[in-house]
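S.K.:
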Amino acid sequence: QKEVEQDPGPLSVPEGAIVSLNCTYSNSAFQYFMWYRQYSRKGPELLMYTYSSGNKEDGRFTAQVDKSSKYISLFIRDSQPSDSATYLCATTGANTGGFKTIFGAGTRLFVKA
Amino acid sequence: GAVVSQHPSRVICKSGTSVKIECRSLDFQATTMFWYRQFPKQSLMLMATSNEGSKATYEQGVEKDKFLINHASLTLSTLTVTSAHPEDSSFYICSARGGPQETQYFGPGTRLLVL
């Protein structure tokens with residue numbers, strides 16, 4: 056079992072839709088949770104960074120962490136064609152060999168105009 | 390957010406030559422730097438982790454003599470692909486960890502093509 060599971064997609068939605076991206080993780084010791092966005096042929100860009108369970112909002116993006124079920128989500132409201140990218144969830148913690156970051160496989164998102 | 394630069398962004402070389410890629414954290418001191426490799430439509434593959442002033446820790450299956458990593462300062466790490474071959478062609482991405490929350494930031498990547 057992988058430490059972080061993420062559906063690779065692709066996920067295709069119409070412009071304006073609400074997008075839900077999800078990951079599950081196996082190690083309850085993970086403490087920090089991140090979402091990165093990667094455009095084609097570019098390096099990943101940090102979108103959201105959360106520590107505790109609950110929601111964190113930044114513009115059209117909301118990151119949600121449920122530590123009890125080991126489930127993390129990223130919601131994108133009013134999705135735009137420019138949101139088309141690969142989204143990687145990631146987690147780290149003191150028990151991952153010195154805060155080693157564990158990445159999901161990434162979900163490819165296509166937002167159609 | 391923090392900025393990590395990578396140079397060059399793209400390089401084409403002949404088989405058998407060595408290629409050096411630089412990674413710099415521009416506005417923070419990176420306690421740790423990471424080197425990843427990514428094939429088309431695949432996720433990141435961690436190659437090695439390096440801390441300033443010490444030897445890099447390589448992931449299983451990554452040849453340390455093939456991929457030389459030097460972490461000379463808290464803002465600079467280099468990856469040298471020695472005696473490159475066509476199968477080394479890939480997208481190489483560095484990442485630097487630092488700041489008050491020890492967050493990991495990525496460089497823009499270097500596309501290597503070995504002919």
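Listed in order, the protein sequences are those of chains A and B.
Under this note's numbering, the first residue of the first sequence carries the number 56, and numbering increases by one thereafter.
Under this note's numbering, the first residue of the second sequence carries the number 390, and numbering increases by one thereafter.
From the three backbone atoms N, C-alpha and C, an ideal C-beta is built for every residue, glycine too.
In this text the structure is predicted, and so the values were computed from the model without any measurement.
(1) Residues of chain A with CB under 9 Å from S432 of chain B, in chain order?
(2) Kindly indicate which residue of B:C483, B:A391 and B:H460 has the alpha-carbon position closest to the one of S439 of chain B.
(3) Between the segment 416-424 of chain B and the segment 483-494 of chain B, can you find at least three pairs of beta-carbon atoms closer than 8 Å?
(4) Just checking: is the beta-carbon of Y104 of chain A within a distance shorter than 8 Å of some beta-carbon in chain B?
(5) For Q395 of chain B, which residues of its own chain have a beta-carbon under 6 Å away from its beta-carbon, when the five flanking residues on both sides are left out?
(6) Starting from the Cα of L435 of chain B, find the closest Cα among B:G442, B:T446 and B:P429 and give me that residue.
(7) Flag G496 of chain B as yes if its beta-carbon sits less than 8 Å from any beta-carbon of chain A, otherwise no.
(8) Mind listing the chain A neighbours of R500 of chain B? Cutoff is C-beta to C-beta under 8 Å, in chain order.
(9) Since G492 of chain B meets chain A, which of its residues come closer than 7 Å, beta carbon to beta carbon?
(10) Could you tell me the alpha carbon to alpha carbon distance between S67 of chain A and I401 of chain B, rounded to whole angstroms?
(11) Would you say I338 of chain B reaches chain A, if we count a Cβ-Cβ gap shorter than 8 Å as a contact?
(12) Can you tell which of A:R92, A:V59, A:G98 and A:S108 has the C-alpha that lies nearest to the C-alpha of S81 of chain A?
(13) How would you label W143 of chain A, buried or exposed, when you count the other beta carbons within 10 angstroms and need 16 or more for buried?
(14) Contact check, F158 of chain A vs A145 of chain A under 8 Å by CB: the rounded distance?
(15) Check the C-beta distance from Q119 of chain A over to S128 of chain A and give it rounded, since I have them as a contact under 8 Å.
(16) Considering just the uninterrupted stretch of the beta strand (DSSP E) at L508 of chain B, what are its terminal residues?
(17) Between the alpha carbons of D133 of chain A and P99 of chain A, how many angstroms are there, rounded?
(18) What are the complete beta strand (DSSP E) segments, minimum 3 residues, inside the segment 453-500 of chain B?
(19) Rounded to whole angstroms, what is the Cα-Cα separation between A168 of chain A and E112 of chain A?
(20) Please report the Cβ distance between L502 of chain B and V470 of chain B, rounded to the nearest whole angstrom; I am assuming they are in contact, meaning their Cβ atoms lie under 8 Å.
(21) Return the bridge partner residues of G114 of chain A from the DSSP annotation.
(22) Check the DSSP bridge columns for Y94 of chain A and list the partner residues they point to.
M.R.: Let's see:
(1) Q61, P63, T141, L143, F158, G159, A160 and G161
(2) B:H460
(3) yes
(4) yes
(5) C412, C483, G496, P497 and T499
(6) Closest by C-alpha distance to L435 of chain B, out of B:G442, B:T446 and B:P429, is B:T446.
(7) yes
(8) R96
(9) The question names Gly, but residue 492 of chain B is Thr in the sequence shown. Result: L101 and Y104.
(10) 34 Å
(11) Residue 338 of chain B falls outside the range modelled here, since chain B spans only 390 to 504, and no answer is possible.
(12) A:V59
(13) The sequence given here places Leu at residue 143 of chain A; Trp does not occur at that position. So L143 of chain A ends up on the buried side.
(14) Going by Cβ atoms, the distance from F158 of chain A to A145 of chain A rounds to 5 Å, so yes, they are a contact pair.
(15) 4 Å
(16) In the structure as shown, chain B begins at 390 and stops at 504. Residue 508 of chain B is therefore absent and cannot be evaluated.
(17) 22 Å
(18) 456-462, 465-470, 479-487 and 492-495
(19) Roughly 25 Å between the two C-alpha positions.
(20) Contact flag wrong, Cβ pair sits at about 12 Å.
(21) Partner(s): none; G114 of chain A has no beta bridge.
(22) DSSP lists no partner for Y94 of chain A.
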